[in-house]
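Numbering (mature numbering (1 follows the signal peptide of the UniProt record, and there is no 0)), first residue to last: -26 to -1, 1 to 414. Beta carbons are placed, not taken as given, at the ideal position from N, Cα and C, and that holds for glycine. Below is one structure; the comments refer to it alone.
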Amino acid sequence: MKHRGRHRRRRRGAALRAVLAGTALALTAAATLISVSQADVTDGPGALKQLSSPADTGRLQLRERLVPARTLDRLATAMGNPVGVADVLAGADRTMNQSAGCSSADRSSLPVAPDVARAYCWDPADATTAWRPASVTTSGDADDDGVWGAHRVVLAGWTHSTTAGPAAERGLARVAFVNADDPARLSYSWVLLVVPVDGGRNYRGLVSGISGMVWYQDKLLVTARSGGADALYVYDLDRIQRTDVDGPAIGRVPGGWSADGYQYVMPAIGSYRFTAGRCAADGPPCAGALALDRSSAPDSLVAAEWTAPGGDRPARLWRYAYSTDPGRGGLLATDSAGRVNAVEEYRTRAAGIRGVLSYREPGAAHPSWYVGRLPGARDGHGGLWRQDLTGAKAAQCGSDASHRCWAEDAGSLSYWQETGEVWSLSDRMLFALPLAELDR
């Protein structure tokens, strides 16, 4: 469990680092992002349009649904005491190679511009066509001092194909818990995401594409893309359970608990559902990318709508505030009826958004948004755009000055405020680079 005393002592130092980082970003932005209009960016998404009408914001409202404590406690009692993040990291049985030790095919998936500071490829045993990584979050999101307990941690969310591989595994979601204490040697363990059933007497695998994921305090929020009205699932990092039967089944089996061969499972403790129903063009958005914004007050969860790459339907960007109630750590702010209302919403002409970040520079009236896009044909590298209410800007690369300079089949974005780095991933590599480089 997180040592909260050290958390409080280090908050002032983290705040100072945030101010210094924000000042540097503001100077960079003044030099590089000079009000670019749609006419200046031939293939760009143009300026953001802020939305404020009740008809728009009402479609983003969520209702919180928490799993009863007795259900979670019954499952924990049956499976044994929960383990912590440190226990999962201690059992890491996979290693990641640094970029120089990765194949040329792996490295070719990295951004063309800007240059990454660090990059790693996954253990070859996990680089299959059935499982694909799409989301990332870190202990820099979880706590402003950048560590969880004694460790620096990166979490990467993977989803199994819904059409390939064993039928029992299709659509499942798992998380790589990466020990990032030593930048020269990353190692990781797997945790399968599950959902309690039958009042905590059993569990099933989560069947959902986790294109977005944010770790804040002791909670992990992941996107719910399983065709229902659920928008997010909630997990508790203090409720990781150890399995004791190594078999293909998921749930209770004769002799104990199984999880398709995984040593650890994490049961959902709740979900957030759109009150207006299933996602649709004229209704709630299909939640795609997620990220944490520590530059807002209070800290907030930002999200981007998933729309088809190359399409002409505008996407929505929005945010929810996190609760400041000490008894609701890591959960979103709700009203007395358990409803969560968006506190900000924009429309963008970007389509195929796979990554999103929001950052408000000191003194700025509005935040800047970074959106990573897939190309229209979903082939090769996409683009990463910085947008605000005045315009958009992106890196250019190649002889044709293309904006397709970002990673190939890129996933979500996560800003590690303590170090000033942005973490992201392609379908082959995990990488990091300074946020200031995105502005240059």
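Distance between residue 281 and residue 287 (C-alpha atoms, nearest Å) = On the sequence shown, position 313 is the one that residue 287 refers to. On the sequence shown, position 307 is the one that residue 281 refers to. Between residue 287 and residue 281, the C-alpha separation is close to 7 Å.
request  = Compute the distance between the beta-carbons of residue 87 and residue 135, then report whether it is under 7 Å.
outcome  = Residue mapping note: residue 87 aligns to position 113 of the sequence shown, counting from 1. Residue mapping note: residue 135 aligns to position 161 of the sequence shown, counting from 1. The answer is no: Cβ separation not under 7 Å.
query = Which term fits residue 119, buried or exposed, when burial requires 16 or more other beta carbons within 10 angstroms of its beta carbon?
reply = Position 145 of the sequence shown, counting from 1, holds the residue named residue 119. It counts as buried.
request  = Taking 8 Å as the threshold, find out whether the stretch 73 to 86 comes into contact with the stretch 395 to 408 through three or more Cβ pairs.
outcome  = yes
ask   = What's the gap between the Cα of residue 408 and the Cα of residue 58?
value = To locate residue 408, count along the sequence shown from 1; it is residue 434. To locate residue 58, count along the sequence shown from 1; it is residue 84. Taking the straight line from one Cα to the other gives about 30 Å.
query = If you draw a straight line from the alpha carbon of residue 394 to that of residue 411, how long is it in whole angstroms?
reply = The sequence position of residue 394 within the sequence shown is 420, counting from 1. The sequence position of residue 411 within the sequence shown is 437, counting from 1. The alpha-carbon atoms of residue 394 and residue 411 are separated by roughly 10 Å.
query = Could you give the C-beta distance for residue 476 and residue 310, rounded to a whole number, given that I count them as a contact under 8 Å?
reply = A question about residue 476 goes unanswered here, because the residues of the chain that appear run from -26 up to 414.
query = What are the boundary residues of the beta strand (DSSP E) that residue 93 is part of?
reply = In the sequence shown, counting from the first residue as 1, residue 93 sits at position 119. That run of the beta strand (DSSP E) goes 92 to 95.
ask   = Helix, strand or coil for residue 113 per DSSP?
value = Counted from its first residue, the sequence shown places residue 113 at position 139. Residue 113 falls in the helix class under three-state DSSP.
inquiry  = With three or more C-beta pairs closer than 8 Å as the rule, is the stretch 377 to 386 touching the stretch 334 to 351?
reply    = yes
request  = Assign residue 56 to buried or exposed, taking buried as 16 or more other Cβ atoms, counted over all protein chains shown, within 10 Å of its Cβ.
outcome  = Here residue 56 refers to the residue found at position 82 of the sequence shown. By the neighbour-count rule (16 or more Cβ atoms within 10 Å), residue 56 is buried.
ask   = Cα separation between residue 148 and residue 108?
value = Locating residue 148 in the sequence shown gives position 174, where the first residue counts as 1. Locating residue 108 in the sequence shown gives position 134, where the first residue counts as 1. One C-alpha to the other measures close to 11 Å.
Close Cβ partners of residue 406 (< 6 Å) along its chain, the five nearest in sequence each way excluded = Taking the first residue of the sequence shown as 1, we reach residue 406 at position 432. Once the five neighbours on either side are set aside, the close Cβ partners of residue 406 are 91, 92, 395 and 397.
key: Short Cβ contact (7 Å threshold) for residue 278 with residue 262   = Start at 1 with the first residue of the sequence shown, and residue 278 comes out as number 304. Start at 1 with the first residue of the sequence shown, and residue 262 comes out as number 288. Against a cut-off of 7 Å, the Cβ pair of residue 262 and residue 278 comes out as a contact.
request  = Determine the direct distance from the alpha carbon of residue 122 to that of residue 265, and round the result to whole angstroms.
outcome  = The sequence position of residue 265 within the sequence shown is 291, counting from 1. The sequence position of residue 122 within the sequence shown is 148, counting from 1. Answer to the nearest angstrom: the Cα atoms are 18 Å apart.
request  = Report all residues from its chain with a CB closer than 6 Å to the CB of residue 204; omit the five preceding and five following residues, and keep chain order.
outcome  = On the sequence shown, position 230 is the one that residue 204 refers to. So the qualifying residues of the chain are 198, 245 and 247.
ask   = When the Cα atoms are used, what is the spatial distance from residue 312 to residue 171?
value = Position 338 of the sequence shown, counted from the start, is the residue given in the question as residue 312. Position 197 of the sequence shown, counted from the start, is the residue given in the question as residue 171. Taking the straight line from one Cα to the other gives about 22 Å.
inquiry  = Along the chain, where does the alpha helix (DSSP H) containing residue 263 start, and where does it finish?
reply    = The residue you call residue 263 lines up with position 289 of the sequence shown. No alpha helix (DSSP H) holds residue 263; the beta strand (DSSP E) holding it covers 261 to 267.
ask   = In chain order, which continuous runs of the alpha helix (DSSP H) of length 4 or greater are located wholly inside the stretch 244 to 318?
value = none
inquiry  = For residue 341, count the other beta carbons within 10 Å of its own beta carbon; 16 or more makes it buried, fewer makes it exposed. Which is it?
reply    = In the sequence shown, counting from the first residue as 1, residue 341 sits at position 367. Buried: at least 16 other Cβ atoms inside 10 Å.
task = Output the boundary residues of the beta strand (DSSP E) element that contains residue 133.
result = Counted from its first residue, the sequence shown places residue 133 at position 159. Looking at the DSSP string, the run of the beta strand (DSSP E) that includes residue 133 is 127 to 134.
query = In chain order, what residues of the same chain have a beta carbon less than 6 Å from the beta carbon of residue 166, not counting five sequence neighbours either side?
reply = The sequence position of residue 166 within the sequence shown is 192, counting from 1. Contacts found: 148, 233, 236 and 239.
Alpha-carbon spacing of residue -4 relative to residue 359, whole angstroms = Indexing the sequence shown from 1 puts residue -4 at position 23. Indexing the sequence shown from 1 puts residue 359 at position 385. Reliability of the predicted coordinates at residue -4 is poor, the pLDDT of 37 falling under 50, and the value obtained from them is presented with this limitation in mind. Taking the straight line from one Cα to the other gives about 21 Å.
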